[in-house]
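Protein chains: 2
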Amino acid sequence: MGGDFGPRITVPAIVQALKTQQDLRVLLFGRQTDIQSLLPSPADYPVDRLVVMHCEDVIGMADSPLVALRGKKNTSLRVMLEAVRNGEADGCVSAGNTGALMAISRQVLRTTDCIDRPAIFSALPRSDGSHTYVLDLGANVGCDSEQLYQFARMGRAVVKVLEGNPSPRIALLNIGSEDIKGNDQVKLAHELIRQDAQLNYVGFVEGSDLFTDKADVVVCDGFVGNVALKTVEGLARYIIGEVRNVFAGDWLGRIIGWLIRPYWRRIEARLNPGRYNGAALIGLKGVVVKSHGNAGELEFLRAVQLASEYVTKQLSIRIEQEL
Amino acid sequence: MGGDFGPRITVPAIVQALKTQQDLRVLLFGRQTDIQSLLPSPADYPVDRLVVMHCEDVIGMADSPLVALRGKKNTSLRVMLEAVRNGEADGCVSAGNTGALMAISRQVLRTTDCIDRPAIFSALPRSDGSHTYVLDLGANVGCDSEQLYQFARMGRAVVKVLEGNPSPRIALLNIGSEDIKGNDQVKLAHELIRQDAQLNYVGFVEGSDLFTDKADVVVCDGFVGNVALKTVEGLARYIIGEVRNVFAGDWLGRIIGWLIRPYWRRIEARLNPGRYNGAALIGLKGVVVKSHGNAGELEFLRAVQLASEYVTKQLSIRIEQEL
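Going line by line, the protein sequences match chains A and B.
Per the working numbering: the first sequence = residues 1 to 323.
Per the working numbering: the second sequence = residues 324 to 646.
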């Protein structure tokens, strides 16, 4: 039910996911009539692998996490998370209210041992063809040094599990590379991470280093990480638009623009924010993937595929083992 | 003397600036022997418009602002700012330590009336061909709501002065557009800005909105702003590199890459981080421009031109009048 477009986007995306992935089974939590009206006729999708779980209540995008936590008990978000906790589902995806997803996940699923607060991570492309894992991307709007330190430990675990890299380089996002730079939380976290011999800590990096191979894991406060990630998306969209404009400017441009299409598509594919939609909420006893609120059908599909991949790789359990 | 490269970059850039701008006169503060050895022979530049002001001491990039403030009195940074205060210079540029520049500027020049802390601003390109002015970009690592509110007022003044826009739209950078989103400082600043009838406040925007025409001024904490700005630079550099790689991949790509060069140069010019080098420290009784520490010759030249433009437009005095 969540996100800017609700079932109009999520239902067709799920139908698509079921068609492309034969071993996928889906429980859809939300208002049955809304969902049913958007499903194709039973002959046109694998009905045996989709179950609609009716929930009358929905958490709005503007509801505060506290209201979501203490309010109605039959919301689609909460009942979905209970299904994960009870083993009825192996993982879950939501495009809804991030604050509510975070708060109810902590209450229903509980955090991984020795982790206080879950974090959202995603992987950004970089110049050597590999990825930089960044966390937190918005689950926590204010983080103390201990939380940043825990994010560093979780980041190490994620890259070990997903990339098979036994000793990923960890960095802290700051506004300069010198020791004196930054706010108190960052300076204190710098000391905490440095003292942990298990972590391959490479020090401070700046925003411009996210796309270079200076570090494999970049740790930051959720506010800063969310702004950085969304700035990346905004700039990518702006550049794609600018390129279209430049080549639409005159008839020669249009011809050349047509010639370069196969090349440009490769670049667009790397830049396309939708390609990176879906970010896991880690540090929880269960696989939870957050989709962008403004995700379209293809982007939401990508978030579902990501959740499925993380379930297969047992991401949540293996992070707990690593910690 | 500042920045990653010191006089090796700044001296040739200044010589270039003197050659291209006939009404420019420059005082260079730093170690005379270092500077002299990098100047061309007197016949090759306008010697009458350049004076070297010898300063024995230099503030290092890793010195803390406190050390810079209380330490040696004959540093190039301090003596330069004193020259601005005493009217010997109309404005100044530094590629040095941002924290020290901020601290000593406040002490020597003093802040504009009713402004507690100066802020760094810059203008980002956006899809409608205009610019979004963003502040603070790193002068303050932690800002309370009152400071954010003052940044909003200064941002309005800057856009009025530089763009002639009588009522620029002001927004606060946040991690969501709903009222409940964000940390305490941002939520409180939201109320303060909203209550000021002089400000054309449009509410919260996200990182992705920096490149759209949702707002003319975007206000944020210096830590967040600095990360966002440097992320933009890093991504721009990454994309330029990716495009080069794609077209260098095969012989057809190389031919097409050659054909599109004039078009791509136009895009590169808009993306080139150096084009946006130089950001003014506003809220001070004097024109102070901060160049990136890693600026090359052309980028530093751009910062000098910007300072010259802001002096001509009387930016500092006009902001004070607007406030």
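By construction, the Cβ of each residue, glycine as well, lies at the ideal position given by its N, Cα and C atoms.
**Report entry** Distance, leucine 594 of chain B Cα to alanine 559 of chain B Cα
**Finding:** 6 Å
Query raised in the report: Measuring CA to CA, which of A:Glu233, A:Gly222 and A:Tyr238 is closest to asparagine 294 of chain A?
Result: A:Glu233
**Report entry** Sheet register partners of isoleucine 443 of chain B (DSSP bridge)
**Finding:** B:Leu604
Query raised in the report: If you follow the beta strand (DSSP E) that methionine 425 of chain B is part of, which residue opens it and which one closes it?
Result: Taken as a continuous stretch (DSSP letters only), methionine 425 of chain B belongs to no beta strand (DSSP E), being part of the alpha helix (DSSP H) at 421-432.
Query - CA nearest to the CA of valine 431 of chain B, picked from B:Pro448, B:Gly505 and B:Val611 - result: Checking every option, the nearest Cα to that of valine 431 of chain B belongs to B:Val611.
Report task. Compute the Euclidean distance between the alpha carbons of alanine 68 of chain A and proline 330 of chain B, then round it to the nearest angstrom. Result -> 58 Å
Query - Which listed residue (B:Val349, B:Asp357, B:Ala602 and B:Tyr561) has its alpha carbon closest to that of tyrosine 368 of chain B - result: B:Val349
Query raised in the report: Are the stretch 475-484 of chain B and the stretch 510-525 of chain B touching, with three or more C-beta to C-beta distances below 8 Å?
Result: yes
Report task. Determine the DSSP secondary structure at glycine 564 of chain B, reduced to helix, strand or coil. Result -> helix
Query - Under 7 Å from the C-beta of methionine 384 of chain B: neighbouring residues of chain A - result: Glu178
Requested in this report: Could you please give me the residues that DSSP links to tyrosine 149 of chain A through a beta bridge?
Outcome: Tyrosine 149 of chain A is not bridged to any residue.
Query - For methionine 376 of chain B, three-class secondary structure by DSSP - result: strand
Report task. For proline 12 of chain A, I'd like the list of residues in its chain whose CB is within less than 6 Å of its CB, leaving aside the five on either flank, ordered along the chain. Result -> Counting only Cβ-Cβ distances below 6 Å, and skipping sequence neighbours, we find Glu297.
Requested in this report: Measure the C-alpha to C-alpha separation of tyrosine 263 of chain A and alanine 571 of chain B and round it to an integer number of angstroms.
Outcome: Straight through space, the alpha carbons of alanine 571 of chain B and tyrosine 263 of chain A are spaced by roughly 10 Å.
Query raised in the report: Are the beta-carbon atoms of arginine 641 of chain B and valine 402 of chain B separated by less than 7 Å?
Result: no
Requested in this report: Pull up the distance between the alpha-carbon of isoleucine 180 of chain A and that of glycine 325 of chain B, whole angstroms please.
Outcome: 17 Å
Requested in this report: Express the C-alpha separation of arginine 254 of chain A and glycine 414 of chain B in angstroms, rounding to a whole number.
Outcome: 46 Å
Report task. Indicate whether at least one CB of chain B lies closer than 7 Å to the CB of leucine 109 of chain A. Result -> no
Query raised in the report: In terms of residue numbering, what span does the beta strand (DSSP E) encompassing glycine 91 of chain A cover?
Result: 91-94
Query - Minimum Cβ-Cβ distance from tyrosine 561 of chain B to chain A less than 7 Å - result: yes
Report task. Check whether the Cβ atoms of phenylalanine 444 of chain B and leucine 495 of chain B lie closer than 7 Å to each other. Result -> no
Report task. Can you check DSSP and say which residues form a bridge with glycine 576 of chain B? Result -> Answer is none; glycine 576 of chain B lacks a bridge partner.
Query raised in the report: Start and end of the alpha helix (DSSP H) containing leucine 298 of chain A?
Result: In this chain, the alpha helix (DSSP H) harbouring leucine 298 of chain A covers 297-312.
Requested in this report: Using a Cβ-Cβ cut-off of 7 Å, state whether isoleucine 260 of chain A counts as contacting chain B.
Outcome: yes
Query raised in the report: Is the number of C-beta pairs between the stretch 129-144 of chain A and the stretch 302-318 of chain A that are closer than 8 Å three or more?
Result: no
Report task. Please report the Cβ distance between alanine 17 of chain A and leucine 301 of chain A, rounded to the nearest whole angstrom; I am assuming they are in contact, meaning their Cβ atoms lie under 8 Å. Result -> 6 Å
Query raised in the report: If you draw a straight line from the alpha carbon of cysteine 437 of chain B to that of valine 407 of chain B, how long is it in whole angstroms?
Result: Straight-line Cα distance between these residues: approximately 21 Å.
Query raised in the report: Would a check of beta-carbon distances place threonine 455 of chain B closer than 7 Å to chain A?
Result: Threonine 455 of chain B does not count as touching chain A.
Query - Assigned secondary structure, asparagine 523 of chain B (DSSP; H/G/I helix, E/B strand, else coil) - result: strand
**Report entry** Candidates B:Gln518, B:His513, B:Gln508 and B:His454: closest to proline 491 of chain B by CA position
**Finding:** B:His454
Query raised in the report: How is phenylalanine 211 of chain A classed by DSSP in three states: helix, strand or coil?
Result: DSSP places phenylalanine 211 of chain A in the helix class (H, G or I) of the three-state scheme.
Query raised in the report: Which chain B residues sit within Cβ distance under 7 Å of lysine 230 of chain A?
Result: Glu529, Gly530 and Ser531
**Report entry** Buried versus exposed, by CB contacts within 10 Å (16 or more), glycine 324 of chain A
**Finding:** Only positions 1 to 323 of chain A appear in the structure, and residue 324 of chain A is not among them; the question remains open.
Report task. Work out the CA separation of alanine 123 of chain A and valine 219 of chain A for me, nearest whole Å. Result -> If you take the alpha carbons of valine 219 of chain A and alanine 123 of chain A, they lie about 12 Å apart.
Query raised in the report: Which class does leucine 350 of chain B belong to by DSSP, given the choice of helix, strand or coil?
Result: strand
Query raised in the report: Could you give the residue range of the alpha helix (DSSP H) that holds histidine 454 of chain B?
Result: Histidine 454 of chain B -> not in any alpha helix (DSSP H); beta strand (DSSP E) instead, spanning 454-458.
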